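Visitor: Take a look at this one; I'll ask things after.
There are 2 protein chains.
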Amino acid sequence: MNTHDLTRQLQEKNDSKIVMLVADGLGGLPIKPGGNTELETAKTPNLDALAVQGVQGLSHPIAPGITPGSGPGHLGLFGYDPVENLIGRGALESVGIGFKLTPQDVAARGNWCTIDADGNISDRRASRIPTEESAPLAERLRDIAIPGVQLFVEPVKEHRFVVIFRGEGLGGNLPDTDPQATGVPPLEPAGEDDASKKTAGLVREFIGQAREMLEDEPKANGLTLRGFACSPDIPQFEEVFGLRAAAIAVYPMYKGLASLVGMDVVGSATTLSEQMDVLEEAWHDYDFFFVHFKYTDSTGEDGNFEAKVKRIEELDAMIPRMTGLNPTVLLVTGDHSTPCALESHSWHPVPTLLVSAHCRPDANTSFGESQAVVGGLGQFEAKYMMVLAMANAGRLGKFGA
Amino acid sequence: MNTHDLTRQLQEKNDSKIVMLVADGLGGLPIKPGGNTELETAKTPNLDALAVQGVQGLSHPIAPGITPGSGPGHLGLFGYDPVENLIGRGALESVGIGFKLTPQDVAARGNWCTIDADGNISDRRASRIPTEESAPLAERLRDIAIPGVQLFVEPVKEHRFVVIFRGEGLGGNLPDTDPQATGVPPLEPAGEDDASKKTAGLVREFIGQAREMLEDEPKANGLTLRGFACSPDIPQFEEVFGLRAAAIAVYPMYKGLASLVGMDVVGSATTLSEQMDVLEEAWHDYDFFFVHFKYTDSTGEDGNFEAKVKRIEELDAMIPRMTGLNPTVLLVTGDHSTPCALESHSWHPVPTLLVSAHCRPDANTSFGESQAVVGGLGQFEAKYMMVLAMANAGRLGKFGA
């Protein structure tokens, strides 16, 4: 179902406030048979109090069995169909370093590589050149000038960087120039349609000038480009939902994802407590607040069960600052599960809690996966969470007479 | 959602083994108010032990309220959208008698009928001619020769048979020649497009020659053809899921359905115990095993509650031979419900149990409909079962970065 057709048609304005607290990778697994998950193990008196008032369920970021990356995981939470609204690799990498893409941009991931005297790649990652050596190279390439196009070259880490071509009528359908092999030269840039052929011409010129600048470099005397992608053409959050939205995140990736859908990235918090300060300060200027907490994911990726439990408790301790603002709707959820037992993102549906004066509370008295299984929201696709939030905020009119 | 786009893109190889045990018509109903279903009544210590380790849910073969036939029921379990992937009646009838269709085939169901002196149908089922009389007639029609086409005529039962036209460029869009009435002649074969007009010409020729051969028959001196259908154009299982699949079934229909999606039909077991022998023998040659058990359906169709309970207990007794092989993922499910109370297939969702090291176990301690209602898999469309199986087997990569 295209929920956007409905939210565009039915959206109404009022003074309600919606807070979506995203604990990245929140869902988990027991680490021993019959045991509790991370969320069930954590002492969460504040979340449990909300569980009494609210209604729980399990959110499928994409579909049963599908493990999402951070991009599709967040797009689902923001109310977008994550399969229909794809973010290309180059675009996501740019977003991840905080680069603000425009509709005129084609972004690509770059790899520094070593090229031998015959023009063949001898090392696809330039001996894994350290960041302190590679970052200045990216800065040096900023001197490249190509008429009719604006260029941005941004260091990432070690052998990786991103390059963005900004200009009119540029297409993003170009295969990688990385041949995925050594002993052969990089592939020639090629475009799969007229607009992308135009981009390919610029890419050729860029690579040519770069090779001249780099020719005396011992390791990184060449480069390959991968994951060419236009800035994704995503409908903007305010148009779709009628909500002025603020994103309060610490990490560039999540600020970037929020800004792709048109949220204002507010504040420059570096801790959850500072994020709460920003939330309080921005409270009267926005209708919707996306608050992102990273550490439930990173501790999951580390496989550190105790650390994830502690991070959940840290989050719980901050709940009173959110409820203190009296949000009309408070959602606590995650973009996917990251069970310590798997040390990675997973397909398991995400425990989700919705609290509002007009939700239909279920019988649960604590927040956790086992409770969510029998919760009143049932199991649902993440993209419906925004619809539920709007309904509970009184911001959706009746469909049909 | 087109799950095949996702499984094609995300599939990964490893050494995992997936067993899907299909107890045909597994789901049931209580026969008295407040009573238990067949599955809940059966003593199933082995399935109950799996229920402790695993996660349950309810599978909707098509959609809530829709009762499937065996064809769509199994296609859903095999991970296909059963509404998008239709198997025409003629094709299903052919598959059901173990005939292996090719892409050049158009199949139709035939009825022997009695035609009077004026050329009108006097009995649409040839006095329900017994099989021992009708089977030789089908064999006699094998002498029909039509240039440019290969013909197969296969007896089914009583007044029914199937005919398959094999040739290049034959279409399957032909209305039935059965007028569904007596006192009128059979309808002339007609094609709805060019390719089907070509088929219609062959059908006319076939019927003409048949009428001559049959003119002295007292009962079955004519025939009508129904349910014309090309061999369905179904994406093949290994391409879609990256799994080498073996089907271990006793009845031709289920072997045929498995072979339509490209599974290898292995062994020639006639009992569940022999099916387990085949499973053990084939274990190292395949990634995926479809094991079909018919008798939960046939006892349901008979309305024999006690017999269905016994059949479920028989199945339970065989579980240790499956778990003894240490499958990475074991699924126990059905293609639909066949409640004894209804003596037919039904729309009730099917209790489903998934066991793997990485599932998120629910609180259930026995396998049954009431437990599945509060199970961790929730209620889901059958086509997602393959996605879940692949995820639990570590065979699906992450969607998006």
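Protein chains in written order, with the numbering used here: chain G, 19 to 419; chain Y, 19 to 419.
We treat Cβ as the ideally placed atom computed from N, Cα and C, and that holds for glycine.
On a predicted model such as this, the values are computed, not experimentally measured, just so you know.
Quick one: what does DSSP say Phe179/G is sitting in, helix, strand or coil?
Guide: Note: Phe179/G maps to strand in three-state DSSP.
Visitor: I'd like the span of the beta strand (DSSP E) that includes Asn129/Y, first residue to last.
Guide: Residues Asp123 to Ile133.
Visitor: DSSP beta-bridge partners for Cys248/G?
Guide: Val124/G.
Visitor: Whole angstroms are fine: how far does the CA of Met19/Y sit from the CA of Gly83/G?
Guide: Cα to Cα, the separation comes out at about 13 Å.
Visitor: Any C-beta of chain Y within less than 9 Å: which residues of the region 105-117 of chain G qualify?
Guide: So the close ones are Ile105, Arg107, Leu110, Glu111 and Gly114.
Visitor: Nearest CA to the CA of Arg184/Y: which residue from Ala228/Y, Thr120/Y and Thr195/Y?
Guide: For Arg184/Y, the nearest C-alpha among the options comes from Thr120/Y.
Visitor: For Thr242/G, which of Arg262/G, Asp194/G and Ser277/G has the nearest alpha-carbon?
Guide: Taking only the C-alpha atoms, the option nearest Thr242/G is Asp194/G.
Visitor: Spell out whether any CB of chain G is found under 8 Å from the CB atom of Phe398/Y.
Guide: Chain G contact via Cβ: present.
Visitor: Using a Cβ cut-off of 7 Å, pull out every chain G residue sitting near Phe417/Y, in sequence order please.
Guide: Those within 7 Å of Phe417/Y in chain G are Ile80, Ile84, Thr85, Pro86, Gly87 and Pro90.
Visitor: Can you find at least 3 beta carbon pairs, one from the region 354-373 of chain G and one from the region 320-331 of chain G, that sit closer than 8 Å?
Guide: Result yes; three or more Cβ-Cβ pairs closer than 8 Å.
Visitor: Can you tell me whether Gly274/G is buried or exposed, with buried defined as 16 or more other CB within 10 angstroms of its CB?
Guide: Flag for Gly274/G reads buried.
Visitor: Please compile the residues from chain Y whose C-beta is within a distance smaller than 8 Å of the C-beta of Ser277/G.
Guide: Simply none; closest approach about 17 Å.
Visitor: Shorter than 8 Å from the beta carbon of Val124/G to some beta carbon of chain Y?
Guide: By this cut-off, Val124/G is not an interface position.
Visitor: Whole angstroms is fine: what's the gap from Ala218/G's alpha carbon to Pro236/G's?
Guide: Their backbone Cα atoms lie some 27 Å apart in a straight line.
Visitor: Take the Cβ of Arg127/G as the centre, count every other Cβ of all protein chains shown within 10 Å, and call the residue buried at 16 or more, exposed below.
Guide: Arg127/G comes out buried.
Visitor: I'd like to know whether the C-beta atoms of Glu256/G and Gly285/G end up nearer to each other than 8 Å.
Guide: No. Outside cutoff.
Visitor: Name the residue from Glu56/Y, Gly46/Y, Leu39/Y and Ser34/Y whose alpha carbon lies nearest to the alpha carbon of Glu331/Y.
Guide: For the residues Glu56/Y, Gly46/Y, Leu39/Y and Ser34/Y, the minimum Cα distance to Glu331/Y belongs to Glu56/Y.
Visitor: Would you grab the beta carbon distance between Leu76/Y and Val391/Y for me? Rounded to a whole angstrom, and I think it's under 8 Å.
Guide: 7 Å between Cβ atoms; contact.
Visitor: Could you tell me whether the Cβ of Leu360/G comes closer than 8 Å to any Cβ of chain Y?
Guide: At least one chain Y Cβ lies under 8 Å of Leu360/G.
Visitor: In terms of DSSP beta bridges, what is Ser374/G paired with?
Guide: DSSP lists Val347/G as partners of Ser374/G.
Visitor: Kindly identify the DSSP beta-bridge partner or partners of Gly187/G.
Guide: None, per the DSSP bridge assignment.
Visitor: Quick one: does Glu157/G have its CB under 8 Å from some CB of chain Y?
Guide: Answer no: the Cβ-Cβ gap between Glu157/G and chain Y never drops below 8 Å.
Visitor: Nearest to Leu159/Y by alpha carbon, out of Met231/Y, Lys118/Y and Arg222/Y?
Guide: Out of Met231/Y, Lys118/Y and Arg222/Y, Met231/Y has the C-alpha closest to the C-alpha of Leu159/Y.
Visitor: For Ala264/G, which of helix, strand or coil comes out of DSSP?
Guide: Strand.
Visitor: With a threshold of 16 other CB atoms inside 10 Å of the CB of Val101/Y, please say whether the residue is buried or exposed.
Guide: Exposed, since its Cβ has fewer than 16 Cβ neighbours within 10 Å.
Visitor: Whole beta strand (DSSP E) runs in the region 280-349 of chain G with 3 or more residues, listed along the chain?
Guide: Qualifying beta strand (DSSP E) stretches, in chain order: 306-311.
Visitor: What is the residue span of the alpha helix (DSSP H) that Glu387/G lies within?
Guide: Looking at the DSSP string, the run of the alpha helix (DSSP H) that includes Glu387/G is Glu387 to Val391.
Visitor: For a contact defined as C-beta to C-beta under 8 Å, what are the partners of Tyr402/Y on chain G?
Guide: Residues of chain G passing the Cβ test: Ala81, Pro82 and Gly83.
Visitor: Helix or strand or just coil, what does DSSP make of Thr59/G?
Guide: The answer is helix: DSSP assigns Thr59/G an H, G or I state.
Visitor: Determine the chain G residues that contact Arg378/Y at a beta-carbon separation under 7 Å, and present them in chain order.
Guide: Within 7 Å Cβ-Cβ: Leu47, His366 and Glu387.
Visitor: Say whether chain Y places a C-beta atom closer than 8 Å to the C-beta of Leu420/G.
Guide: For residue 420/G there is no data in the structure shown, the boundaries of chain G being 19 and 419.
Visitor: Do Phe385/G and Leu155/G count as a contact pair if the criterion is CB distance below 8 Å?
Guide: Not in contact: Leu155/G and Phe385/G (Cβ atoms no closer than 8 Å).
Visitor: For a test of the three-state rule: what should DSSP assign to Thr85/Y, helix, strand or coil?
Guide: In the structure shown, Thr85/Y sits in coil (DSSP, three-state: anything other than H, G, I, E or B).
Visitor: Exposed or buried, which one is Thr149/Y when buried takes at least 16 other CB atoms within 10 Å?
Guide: Flag for Thr149/Y reads exposed.
Visitor: Let me confirm a value: Gln168/G is counted as buried when at least 16 other C-beta atoms fall within 10 Å, else exposed. Which label applies?
Guide: Exposed, by the Cβ-count rule.
Visitor: For the region 296-321 of chain G, which residues have a beta carbon sitting closer than 9 Å to at least one beta carbon of chain Y?
Guide: Result list empty, no residue passes.
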